[in-house]
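Peer 1: Structure below; questions to follow.
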Amino acid sequence: KPQAPWGWSRVAGQLGGAYIVLETNEGFALMEPRAAHERVLYEQFMHAFQHATIPQQQLLTPETITLPPADANRLHNALPHMEELGFGISSFGGDTFLVDALPIWIQHQPIEPLLLETARALAEGGRRSAAREALADTIIKTACAGAVRASDTLTDEAIEKLVHDLARTEMPYTSPRGRPTLIFTSYTELERSFKKS
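The following block contains the structure:
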């Protein structure tokens, strides 16, 4: 298997049910699973977003949304791009729209403000990248909401997978919000702490 950016490591155990201990060539690292999982999910979502391979989730009950005329006009103009961004949305007559699918990372969020924000970003930016940038914060929020919680019990297999997935990310050392995923301690630091010469 390919080596992690931090070199060789193996899972040595868990600490306090909240941290994963990794033995490394240079010492050890503590991994915070939630921050690590946020990073993994965020990069998976962003990769799908940027490569137009956006998985959709079908709504059990499609929603109808009626918008003010100016916003409805924006959304009408943006419909082809909205589909590329992972939304299943169609005109339902006048200023009303039928939403039957959302990008997979949008969970437990009000649909109407999200549609308005996306349509406005498309109108102002005149390009899909503007909407992609506008939705980046939504992706971060969803990645954070979907990540493992401190109270979750991780199996050995889940821990190994998390370490492997984190090692494959572009920025493995911080969560999308800038929290550390790993804290390293070297053998040199340990020896200094134990006053070994």
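In this note's numbering, the protein residues as written are 1010 to 1206. Glycine included, C-beta positions come from ideal geometry on N, C-alpha and C. Only a predicted model underlies this, so the values are computations on that prediction, with no experimental measurement involved.
When you compare each of M1055, E1047, D1109 and Y1196 to T1073 by their alpha carbons, which one comes out closest?
Peer 2: D1109
Peer 1: Three or more C-beta pairs under 8 Å: does that hold for the stretch 1176-1190 against the stretch 1041-1056?
Peer 2: yes
Peer 1: Given this structure, state the Cα-to-Cα distance separating S1099 from I1113, to the nearest angstrom.
Peer 2: 18 Å
Peer 1: Assign E1041 to one of three DSSP states: helix, strand, or coil.
Peer 2: Three-state result, E1041: coil.
Peer 1: Quick check on the DSSP output: what are the complete beta strand (DSSP E) runs of length 3 or more inside the stretch 1018-1088, in order along the chain?
Peer 2: 1018-1024, 1028-1033, 1036-1040 and 1065-1075
Peer 1: For E1035 and S1195, which I take to be in contact (beta-carbon distance under 8 Å), what is that distance rounded to the nearest angstrom?
Peer 2: 5 Å
Peer 1: Given a threshold of 16 other Cβ atoms within 10 Å of its Cβ, counted over all protein chains shown, does T1127 qualify as buried or as exposed?
Peer 2: buried
Peer 1: Do Y1051 and P1185 have their CB atoms nearer than 8 Å?
Peer 2: yes
Peer 1: Enumerate in chain order the residues of its own chain whose CB-to-CB distance from A1132 is below 6 Å, with the five nearest sequence positions on each side excluded.
Peer 2: R1083
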